[in-house]
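Engineer: FYI, the working numbering numbers position 8 of the sequence shown as 27, with every residue one higher than the one before it.
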Amino acid sequence: MKARAAGLGFDLCGIAPAGDFKELAFLPQWLSRGYAGEMQYLHRSAERRADVRAVMPSARSVIALATVYNTDRPYSTENADPSAALIARYAWGDDYHEVIQQRMDGLVAWMRERGGLEFEARAYVDTGPVQERVYAQYAGLGWIGKNTCVINPEIGSWLFLSEIICSLPLEPDVPSLDQCGSCRLCLDSCPTGAIVDPYVVDATRCLSYLTIELKGPIPIEDRESVGRHAYGCDICQEVCPWNAMPAQPAASDAPDSPWLPRPAFDGRSIGDLWRTPDAELRASLKNSAMTRAGVRRLRRNVAVCAGATADADALSALRDVHEPSCDDPLVAEHIHWALELNGG
Ligand code: B12
Ligand code: SF4
Ligand code: SF4
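Below you can see the structure in the form of structure tokens.
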């Protein structure tokens with residue numbers, strides 16, 4: 020099965036038992052501290068997230084999978100250009116939900132064909148009520164670092180996690196051990212102090228939440244800290260020694276890699292991104308990981324970047340270029356804020 024997973028494009032595959040792991044118990048505490056913000060779905064599904072057997076009562080094993088999405092583009096921390104529009108690398112290419120779901124469906128189909136056994140299976144990639152990092156750690160894929168990301172000692176943390184909950188009692192792998200040691204680079208580098216303690220991220224302070232998860236306005240008091248971050252943030256992974264380029268981590272730069280950046284998002288400045296017509300943005304977002312944000316939320320973010328960086332080119336683009344999405348009240352309010360902040 021592991022060889023088949025590799026053949027289908029998975030970089031790591033391991034087995035965790037469907038058990039009651041101590042890390043699963045952190046979620047209620049995290050929720051009660053308000054760290055989930057507006058992500059109400061996490062509250063609603065908290066009981067199922069406590070144990071995969073609440074999702075599929077026949078579960079005996081979790082086949083944990085990881086897929087490298089890194090490419091050889093420089094890290095945002097290496098990009099000194101104050102006009103650059105930063106987009107988190109997980110979002111550059113095709114929609115990972117679709118690509119990885121297909122690969123998992125292929126693996127389950129192969130298991131059914133090959134094994135000749137009856138079994139139940141459910142496959143999720145960031146789509147189910149499962150605490151994916153915990154199962155990845157217990158399946159030996161990597162440890163949960165102080166930045167809360169799963170880190171594999173050989174290939175780093177630029178990984179999409181996914182899993183197949185399965186009723187077969189498969190032989191478990193050895194869990195991964197924490198190798199963060201005394202390092203705290205991620206905590207000290209987070210621009211908003213969102214890693215409030217080792218292993219604990221307050222999502223409401225994380226730029227990934229503010230620019231991706233929030234559907235309405237970005238709170239005024241958080242806007243300046245958004246800086247050049249037009250969509251998501253990679254800093255706590257970029258500074259991690261286990262992701263040090265160029266020796267590590269693995270990258271998937273084959274010409275047909277689904278994770279290579281689409282031209283509309285590849286090395287663009289804030290001003291250029293703003294000048295991109297709605298129709299072109301819409302076409303570039305289609306079937307990408309950013310599809311859910313849509314043009315409206317992307318423009319909201321780019322307006323905040325223009326205001327927060329006070330970049331002259333971006334501000335002049337904001338004044339001069341008016342696409343239909345700019346009439347949306349959400350976008351209009353953020354444009355107004357950016358221009359007011361910088362002298363109108
Ligand atoms: C909600 C969510 C977010 C939220 C909250 C993130 C967070 N750290 O909680 C926001 C929007 C901020 C976010 C951001 C990002 N996310 Co996200 N997110 C999720 C989601 C849907 C749920 C995570 C969750 O349950 N959080 C609740 C907390 C309690 O759980 P946790 O973060 O896993 O924390 C564990 C440990 O830290 C530990 N723990 C918690 N408290 C304590 C306390 C102590 C004392 C100790 C010792 C341990 C400990 O136990 C927890 C597990 O129970 C998962 C998918 C999934 N279904 O699991 C993806 C997921 C975690 N995200 C992912 C990614 C890629 C990102 C981003 C990199 C995207 C980006 N570039 O912008 C950033 C990374 C930010 C970061 N440092 O976490 C990947 C992570 C891959 C990996 N290598 O780990 C996942 C697994 C999606 C996927 N299928 O690939 N995300
Ligand atoms: S993704 Fe960025 S804002 Fe969020 S915890 Fe990591 S460094 Fe902080
Ligand atoms: S930067 Fe250091 S502390 Fe943070 S996750 Fe990486 S190794 Fe662990």
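Note that beta-carbon positions come from the ideal geometry of N, C-alpha and C, so glycine has one too. Quick caveat, the model's predicted, so the values are computed rather than measured.
Whose CB is closer than 5 Å to a heavy atom of ligand 3? List the residues in chain order.
Structural biologist: The answer, residue by residue, is Gly164, Lys165, Asn166, Cys199, Cys202, Leu204, Cys205, Cys259.
Engineer: With 16 as the cutoff for other CB atoms within 10 Å, does Ser195 come out buried or exposed?
Structural biologist: If you number the sequence shown from 1, residue 195 lands on position 176. The residue in question, Ser195, is buried, as its Cβ has 16 or more Cβ neighbours within 10 Å.
Engineer: DSSP three-state label for Asn15, please.
Structural biologist: Residue 15 falls outside the range modelled here, since the chain spans only 20 to 363, and no answer is possible.
Engineer: Using three-state DSSP, classify Ser176 as helix, strand or coil.
Structural biologist: As a working mapping, residue 176 is identified with position 157 in the sequence shown. If DSSP states are grouped into helix, strand and coil, Ser176 belongs with coil.
Engineer: Can you tell me whether His341 is helix, strand or coil according to DSSP?
Structural biologist: Translated into the one-based positions of the sequence shown, residue 341 becomes position 322. DSSP places His341 in coil when its eight states are reduced to three.
Engineer: Should Val169 be labelled buried (16 or more other beta-carbon atoms within 10 Å of its own) or exposed?
Structural biologist: Within the sequence shown, residue 169 is the residue found at index 150, counting from 1. Buried, since its Cβ has 16 or more Cβ neighbours within 10 Å.
Engineer: Between Gly251 and ligand 1, is the CB less than 6 Å from at least one heavy atom?
Structural biologist: Numbered from its first residue, the sequence shown carries residue 251 at position 232. Because some heavy atom of ligand 1 lies under 6 Å away, the Cβ of Gly251 counts as near it: yes.
Engineer: Below 8 Å on the Cβ atoms is my contact criterion, and I expect Met123 with Ser77 to pass it. Report the Cβ-Cβ distance as a whole number of Å.
Structural biologist: Sequence index remark: in the sequence shown, residue 123 carries index 104 (1-based). Sequence index remark: in the sequence shown, residue 77 carries index 58 (1-based). About 18 Å; that fails the 8 Å criterion.
Engineer: Would you decide whether Tyr54 is buried or exposed? Buried here means 16 or more other CB atoms lie within 10 Å of its CB.
Structural biologist: Residue mapping note: residue 54 aligns to position 35 of the sequence shown, counting from 1. Buried is the call here.
Engineer: Ala327 and Val219: beta carbons closer than 7 Å?
Structural biologist: Residue 327 sits at position 308 when you count from the first residue of the sequence shown. Residue 219 sits at position 200 when you count from the first residue of the sequence shown. Not in contact: Ala327 and Val219 (Cβ atoms no closer than 7 Å).
Engineer: Consider the C-beta atom of Glu232 and the heavy atoms of ligand 4; say whether any pair is separated by less than 6 Å.
Structural biologist: Ligand 4 is not among the ligands present in this structure, which contains only ligand 1, ligand 2 and ligand 3.
Engineer: Should Glu257 and Thr96 be called a contact, given that it needs their Cβ atoms to be closer than 7 Å?
Structural biologist: Indexing the sequence shown from 1 puts residue 257 at position 238. Indexing the sequence shown from 1 puts residue 96 at position 77. The answer is yes: Cβ separation under 7 Å.
Engineer: Strictly by DSSP, which residues pair up with Asp216?
Structural biologist: As a working mapping, residue 216 is identified with position 197 in the sequence shown. Answer is Val219, bridged to Asp216.
Engineer: Considering Cα atoms alone, identify which of Met75, Tyr143, Gly112 is closest to Leu126.
Structural biologist: Here the question's residue 126 lines up with position 107 in the sequence shown. Considering only alpha carbons, the answer is Tyr143.
Engineer: Here's the rule I'm using: 16 or more other beta-carbon atoms within 10 Å means buried, otherwise exposed. How should Pro277 be labelled?
Structural biologist: Taking the first residue of the sequence shown as 1, we reach residue 277 at position 258. The residue in question, Pro277, is buried, as its Cβ has 16 or more Cβ neighbours within 10 Å.
Engineer: Flag Phe45 as yes when its Cβ comes closer than 6 Å to any non-hydrogen atom of ligand 1, and as no otherwise.
Structural biologist: Taking the sequence shown and counting its residues from 1, the one referred to as residue 45 is at position 26. Under cutoff, so the answer is yes.
Engineer: Does the Cβ of Ser201 have 16 or more other Cβ atoms within 10 Å, making it buried, or fewer, making it exposed?
Structural biologist: The residue given as residue 201 occupies position 182 in the sequence shown. When all chains shown are included, Ser201 counts as exposed.
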